[in-house]
Amino acid sequence: MERSYRAVANANGANKFAIIIPCHRIINNNGELGVYGSGLDRKKWLIEHERQNY
(Lines of atoms letter the chains of each structure in order from A and count residues from 1; the text may use other names and numbers.)
(Lines give C-alpha, C1' and ligand atoms only; values in the text may rest on other atoms or scores of the structure.)
Protein backbone atom coordinates (compact mmCIF):
# COMPACT_ATOMS: atom_id res chain seq x y z
CA MET A 1 0.00 0.00 0.00
CA GLU A 2 2.91 2.32 0.71
CA ARG A 3 3.80 2.62 -2.99
CA SER A 4 0.28 2.75 -4.35
CA TYR A 5 0.73 6.50 -4.79
CA ARG A 6 3.04 5.72 -7.72
CA ALA A 7 0.28 3.74 -9.47
CA VAL A 8 -2.10 6.66 -8.98
CA ALA A 9 0.49 9.11 -10.30
CA ASN A 10 1.12 6.99 -13.40
CA ALA A 11 -2.60 6.63 -14.11
CA ASN A 12 -3.12 10.37 -13.76
CA GLY A 13 -0.15 11.09 -15.99
CA ALA A 14 -1.78 9.03 -18.73
CA ASN A 15 -5.19 10.67 -18.22
CA LYS A 16 -6.36 12.20 -21.50
CA PHE A 17 -9.66 13.38 -20.00
CA ALA A 18 -8.45 15.64 -17.20
CA ILE A 19 -11.69 17.59 -16.90
CA ILE A 20 -13.87 14.47 -16.83
CA ILE A 21 -11.56 12.50 -14.53
CA PRO A 22 -10.68 15.16 -11.94
CA CYS A 23 -6.98 14.53 -11.42
CA HIS A 24 -6.54 18.25 -10.62
CA ARG A 25 -7.89 17.46 -7.14
CA ILE A 26 -4.82 15.44 -6.19
CA ILE A 27 -2.43 17.27 -3.88
CA ASN A 28 0.93 16.26 -2.40
CA ASN A 29 1.05 14.66 1.04
CA ASN A 30 2.53 17.93 2.36
CA GLY A 31 -0.56 19.88 1.22
CA GLU A 32 1.03 21.53 -1.82
CA LEU A 33 -0.66 21.36 -5.21
CA GLY A 34 2.14 19.56 -7.02
CA VAL A 35 2.18 19.32 -10.80
CA TYR A 36 -0.65 19.28 -13.33
CA GLY A 37 -0.40 18.51 -17.04
CA SER A 38 -2.32 21.65 -17.98
CA GLY A 39 -0.20 23.87 -15.74
CA LEU A 40 -0.28 24.92 -12.12
CA ASP A 41 -2.26 28.11 -12.81
CA ARG A 42 -5.08 26.09 -14.36
CA LYS A 43 -5.00 23.61 -11.46
CA LYS A 44 -5.30 26.47 -8.96
CA TRP A 45 -8.16 27.98 -10.96
CA LEU A 46 -10.08 24.69 -11.16
CA ILE A 47 -9.74 24.02 -7.42
CA GLU A 48 -10.80 27.56 -6.53
CA HIS A 49 -13.72 27.41 -8.99
CA GLU A 50 -14.95 24.17 -7.40
CA ARG A 51 -14.49 25.57 -3.91
CA GLN A 52 -16.68 28.58 -4.72
CA ASN A 53 -19.36 26.75 -6.68
CA TYR A 54 -19.85 23.40 -4.95
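Mapping the sequence shown onto this note's numbering, position 45 (from 1) lands on 26, and the numbers just tick up by one. Glycine is no exception: its CB is placed at the ideal position from the N, C-alpha and C atoms.
Alpha-carbon spacing of residue i relative to residue j, whole angstroms
i	j	result
residue 10	residue 18	19 Å
residue 28	residue 1	14 Å
residue 12	residue -11	17 Å
residue 15	residue -6	13 Å
residue 33	residue -14	28 Å
Simplified DSSP assignment, three categories, for residue i
i	result
residue 25	helix
residue -1	coil
residue 31	helix
residue 17	coil
residue -16	coil
residue -7	helix
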